[in-house]
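Heads up: the structure comes next, in structure tokens.
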Amino acid sequence: PVSLTVTVLGATGSIGRSTTDLLSQHAGRFRAGALVGGRDAAALAKLARELKPDFAALADESAGPALAEALAGSGIPNGAGESAVLEAVAREADIVVAAVSGAAGLKPTHAALRLGRTIALANKESLVCAGDAFMRDATRYGARILPVDSEHNALAQAMGDGRVSDIAKMTLTASGGPFRTWTRERIAAATPAEAAAHPTWSMGMKINIDSASLMNKGLELIEAHHLFAIEAERLDVIVHPQSIVHGLIAWRDGAVTAGLAMPDMRVPIAHCLGLGDRLEIARGRPLDLAATGSLTFEPADEARFPCLRVARAALAEGGAAPTVMNAANEIAVAAFIRGAIPFYGIAELVERAVEQFAAEFGHAPEDVEEALAIDARVRAWSLEGVPATRAA
Ligand code: NDP
Ligand code: MG
Numbered sequence: 005p006v007s008l009t010v011t012v013l014g015a016t017g018s019i020g021r022s023t024t025d026l027l028s029q030h031a032g033r034f035r036a037g038a039l040v041g042g043r044d045a046a047a048l049a050k051l052a053r054e055l056k057p058d059f060a061a062l063a064d065e066s067a068g069p070a071l072a073e074a075l076a077g078s079g080i081p082n083g084a085g086e087s088a089v090l091e092a093v094a095r096e097a098d099i100v101v102a103a104v105s106g107a108a109g110l111k112p113t114h115a116a117l118r119l120g121r122t123i124a125l126a127n128k129e130s131l132v133c134a135g136d137a138f139m140r141d142a143t144r145y146g147a148r149i150l151p152v153d154s155e156h157n158a159l160a161q162a163m164g165d166g167r168v169s170d171i172a173k174m175t176l177t178a179s180g181g182p183f184r185t186w187t188r189e190r191i192a193a194a195t196p197a198e199a200a201a202h203p204t205w206s207m208g209m210k211i212n213i214d215s216a217s218l219m220n221k222g223l224e225l226i227e228a229h230h231l232f233a234i235e236a237e238r239l240d241v242i243v244h245p246q247s248i249v250h251g252l253i254a255w256r257d258g259a260v261t262a263g264l265a266m267p268d269m270r271v272p273i274a275h276c277l278g279l280g281d282r283l284e285i286a287r288g289r290p291l292d293l294a295a296t297g298s299l300t301f302e303p304a305d306e307a308r309f310p311c312l313r314v315a316r317a318a319l320a321e322g323g324a325a326p327t328v329m330n331a332a333n334e335i336a337v338a339a340f341i342r343g344a345i346p347f348y349g350i351a352e353l354v355e356r357a358v359e360q361f362a363a364e365f366g367h368a369p370e371d372v373e374e375a376l377a378i379d380a381r382v383r384a385w386s387l388e389g390v391p392a393t394r395a396a
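Take the sequence shown: its letters are residues 5 to 396, numbered as in the working numbering.
Structure, rendered in structure tokens:
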């Protein structure tokens, strides 16, 4: 059989690695199209030498010479800078895995969408920042969006042939993060290392902090709203510390279908890459419910996790509020990681940004350019609101 060409945006990241692991495991079925990274030339070059893609690109132009040197003699074409990333996206591909982190993922992901590609979407920020535009353009350009995010992937599987109009409630589960059982006082004094210690998933740093604050679940509510064309009133969150059940759909007749799997991102990625076929995952741990023993559930506490409240409000408000929220959150998370603001400083900054800007920008961004303009403006404003360095 002819192998499928898979391009990976964010190839050197957490999702990127899980993806390339699957590509290597199923080397007969897949070949690498373009591999794209941010700035780590050594990591991308190593990956490229293993997978022999058609093209390797880094977003950071200044890393170009290092990448060229690291790939010297390999025969793998490569480049750096925005034009190189767009050249990578333009290479032929049957599937594009969009796994850049943050708003930086909007442009390359949208470029793939405009080419009508099948997109395995991990970059939830694309839908949070410009969801209306992305979903509209997916239809316009004939692109398919397959959800990689574990909850949305589980929900897509739980949907089966069901109709959104028959859904009473769609529920995303949250692990609750490392602070699930902590008091508000203890959370207030949490360090970046404590926030990054995720109990069930192994992920990139930014999403780890978002999981600790439950902002990740807020972003995911907005993501689900766009992916499934379902309104905020029928979306819900429940805390489930074992991270085995990822999403539940309660139908109008009272039946509930759910998506279960071990917390391993290769499961939803494999579901996307399989395009209807089920791929085996080497070294994957099968779900053993008898060994797990119990699956527990509890309500999400918006008092200790105000980011969830702020995100729900942004989803309800609509317009540019989610775009503003995401931009402020990215700055706030970076500030928290470098020790410049305390943990609850994240929610505070994000809430202030939404109050400051959402009304000013009004309507939802019409396109990626408008979303990125809002993003840039809110980032600059947010940066002014945080100390540049570690607080004394
Ligand atoms: P990581 O931080 O681990 O990886 C990010 C990747 O993006 C790296 O390859 C990085 O390259 C690359 N990158 C950074 N900036 C740019 C840029 N401007 N242009 C191109 N590439 C860039 O993130 P994750 O893998 O954790 O997350 C990726 C996305 O997937 C996020 O949107 C996240 O929300 C989503 N997601 C992640 C999950 C997970 O389990 N990790 C689960 C569900 C969703 P470099 O290292 O060189 O900077
Ligand atoms: Mg998720």
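Even glycine gets a Cβ: it sits at the ideal position worked out from N, Cα and C. Quick caveat, the model's predicted, so the values are computed rather than measured.
Residue i beta carbon near the ligand NDP (any heavy atom closer than 7 angstroms)
| i | result |
| --- | --- |
| Asn127 | yes |
| Lys56 | no |
| Val354 | no |
| Ser105 | yes |
| Ser18 | yes |
| Ile211 | yes |
| Val89 | yes |
| Met2 | Only positions 5 to 396 of the chain appear in the structure, and residue 2 is not among them; the question remains open. |
| Arg43 | yes |
| Gly280 | no |
| Ala15 | yes |
| Val260 | no |
When the options are compared against residue i, the one with the closest alpha-carbon
| i | options | result |
| --- | --- | --- |
| Val372 | Glu54, Ala134 and Ala45 | Ala134 |
| Gln246 | Pro57, Leu299 and Ser386 | Leu299 |
| Gly79 | Asp64, Pro69 and Lys56 | Lys56 |
| Arg53 | Gly32, Arg316, Ala76 and Leu26 | Ala76 |
| Asp268 | Thr9, Asn330, Ala72 and Asp25 | Asp25 |
| Arg381 | Glu352, Ser217 and Glu334 | Glu334 |
| Asp408 | Ala216, Glu96, Val358 and Glu198 | The first residue shown for the chain is 5 and the last is 396, placing residue 408 beyond what the model contains. |
| Glu352 | Ser217, Thr195 and Thr177 | Ser217 |
| Ala74 | Ser87, Glu86 and Ala60 | Ala60 |
| Phe301 | Ser179, Ala72 and Ser169 | Ser179 |
| Arg238 | Ala38, Leu291 and Val168 | Val168 |
| Ala331 | Ser66, Met219 and Val100 | Met219 |
| Lys50 | Ala72, Asp64 and Ala63 | Ala72 |
| Arg226 | Ala70, Glu374, Ala67 and Asp136 | A small correction: the amino acid at residue 226 is Ile; Arg does not occupy that position in the sequence shown. It is Asp136. |
| Arg188 | Gly14, Glu388 and Pro346 | Pro346 |
Contact test: residue i Cβ vs the ligand MG heavy atom, cutoff 7 angstroms
| i | result |
| --- | --- |
| Ser206 | no |
| Ser22 | no |
| Ser154 | yes |
Identity of the residues DSSP links to residue i by a beta bridge
| i | result |
| --- | --- |
| Phe59 | Ala38 |
| Arg148 | Thr122 |
| Ile242 | Thr177 |
| Thr327 | Answer is none; Thr327 lacks a bridge partner. |
| Ala84 | Leu62 |
| Glu302 | Val243 |
| Ile253 | Met174 and Thr261 |
| Thr9 | Arg35 |
Continuous beta strand (DSSP E) stretch holding residue i: start and end
| i | result |
| --- | --- |
| Lys173 | Ile171 to Ala178 |
| Thr296 | Per DSSP, Thr296 belongs to no beta strand (DSSP E); it is in the alpha helix (DSSP H), Leu293 to Thr296. |
| Ile350 | Note, Ile350: premise wrong, no beta strand (DSSP E); alpha helix (DSSP H) at Phe347 to Phe365. |
| Ala102 | Ile99 to Ala102 |
Residues of its chain near residue i, where Cβ-Cβ distance is below 8 angstroms and the 5 sequence neighbours each way are ignored
| i | result |
| --- | --- |
| Leu125 | Ala102, Thr113, Leu131, Ile149, Leu150, Pro151, Val152 and Asp153 |
| Ser3 | Lying outside 5 to 396, the shown extent of the chain, residue 3 is not represented and no answer is given. |
| Ile253 | Leu159, Ala162, Met163, Gly166, Ile171, Lys173, Met174, Thr175, Val260, Thr261 and Ala262 |
| Val10 | Thr23, Leu27, Phe34, Arg35, Ala36, Gly37, Ala97, Asp98, Ile99, Val100, Val101 and Leu277 |
| Ile285 | Leu26, Gln29, Asp268, Arg270, Val271 and Ala274 |
| His202 | Ser179, Gly181, Pro182, Asn212, Ser215 and Ala216 |
Cβ-based neighbour list, residue i, same chain, cut-off 7 angstroms, excluding 5 preceding and 5 following
| i | result |
| --- | --- |
| Ala396 | The predicted model places Ala396 with a pLDDT of 44, which falls under 50 and marks its position as unreliable; any figure quoted below should be read in that light. Cβ within range, chain order: n/a, list empty. |
| Cys311 | Ser217, Leu218, Met219, Gly222, Ile350, Ala351 and Val354 |
| Asp44 | Thr16 |
| Glu155 | Leu176, Thr177, Glu224, His250 and Gly251 |
| Arg313 | Glu306 |
| Gly120 | Tyr145, Gly146 and Ala147 |
| Asp379 | Ala107, Cys133, Thr327 and Ala331 |
Contact test: residue i Cβ vs the ligand NAD heavy atom, cutoff 7 angstroms
| i | result |
| --- | --- |
| Glu284 | Among the ligands in the structure shown, the ligand NAD does not appear; only the ligand NDP and the ligand MG can be found there. |
Same chain only: Cβ atoms within 6 angstroms of residue i, ignoring 5 sequence neighbours per side
| i | result |
| --- | --- |
| Pro391 | Ala344 |
| Met329 | Ala318, Val354 and Val358 |
| Ala236 | Leu319 and Ala320 |
| Phe309 | Leu218 |
| Asp240 | Lys173 and Thr175 |
Alpha helix (DSSP H) segment containing residue i, residue limits
| i | result |
| --- | --- |
| Gly20 | Ser18 to Gln29 |
| Gly222 | Met219 to Leu231 |
| Leu387 | Val372 to Glu388 |
| Ser154 | Ser154 to Met163 |
| Leu71 | Gly68 to Ala74 |
| Arg316 | Pro310 to Glu321 |
| His275 | Arg270 to Gly278 |
| Ile191 | Arg188 to Ala192 |
| Glu198 | Pro196 to Ala200 |
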